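> I have a structure I would like to understand better, so I am pasting it below and will then ask my questions one at a time.
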Amino acid sequence: MKIDITTKNIPDRRKSEHLKRYAMKKMPKLQRYIDPERNPSEARILLSAEKLRNNAEITISSGPLKASASVETEEMHSAIDKLFDTIIKQLRRRTDKQLTLRRRKISKTPSAAREQRAEQENNLRVDHQFLSPKPMSVAEALLQLDASEEDFVAFRNSETLEMNVVYKKTDSKKVGLLTP
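Count along the sequence shown from 1, add 303, and you get the number used in the numbering used here.
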């Protein structure tokens, strides 16, 4: 993370260096909310004094994340403290917002898929057909298929006592038999 601290209108050089070190001590608190490895990050801090007012400003840019804050107090140390408190609040609010948006997207995806599946199931038309419990031979099933207007007949085979299906093939006038 690139950090640029500028002092303005502070006549004492030692006090200026002390304020820069004090601001640098506070920087690790910000780095919790900024990922300098993923996005190039930059922080600019401006400390200025005007008569009885001390101003502290910060501007942070890290990829898509941009934040700034400004504080004015009578004492520079308290201005720096308040400045870092306000910028941390901003960064926390923005990162929490991003996390909740991600969570919403993740939680919506499965439920949306569920709703879509339910909608498709509702659009399907299901006809229930009850089969006769008596077993019949394949020949009898073929006769019943010819007599009915259906495309298939499910029946219990009298020889094997298993469920079978006799169906008309769509591409030709042939008939198929499905056995388990």
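Positions of the beta carbon are idealized from the N, C-alpha and C atoms, including for glycine. These figures come from a predicted structure and were not determined experimentally.
Going by C-alpha distance, which of Pro483, Asp454, Arg347 is nearest Ile306?
Arg347
> For Lys332, which residues of its own chain have a beta-carbon under 7 Å away from its beta-carbon, when the five flanking residues on both sides are left out?
Around Lys332, the same chain offers Phe387, Ile391 as residues with beta carbons nearer than 7 Å, after the five sequence neighbours per side are excluded.
> Using the Cα positions of Lys472 and Arg406, report the straight-line distance between them to the nearest angstrom.
50 Å
> Identify the continuous alpha helix (DSSP H) that holds Met466 and give its terminal residues.
No alpha helix (DSSP H) contains Met466, which is instead part of the beta strand (DSSP E) from 466–471.
> I'd like to know whether the C-beta atoms of Ser344 and Ser371 end up nearer to each other than 8 Å.
Against a cut-off of 8 Å, the Cβ pair of Ser371 and Ser344 comes out as no contact.
> If you draw a straight line from the alpha carbon of Ala450 to that of Leu464, how long is it in whole angstroms?
Using only the alpha carbons, I get a separation of about 23 Å.
> Along the chain, where does the beta strand (DSSP E) that runs through Glu360 open and close?
Start and end: 356–365.
> Below 8 Å between beta carbons: does that hold for Ile363 and Lys354?
no
> Could you check the C-alpha separation between Pro314 and Met330 for me, to the nearest Å?
For Pro314 and Met330, the distance between alpha carbons rounds to 24 Å.
> Can you tell me whether Glu345 is helix, strand or coil according to DSSP?
strand
> Anyone know if the C-beta pair for Thr309 and Leu322 falls short of 8 Å?
Not a contact, by the Cβ cut-off of 8 Å.
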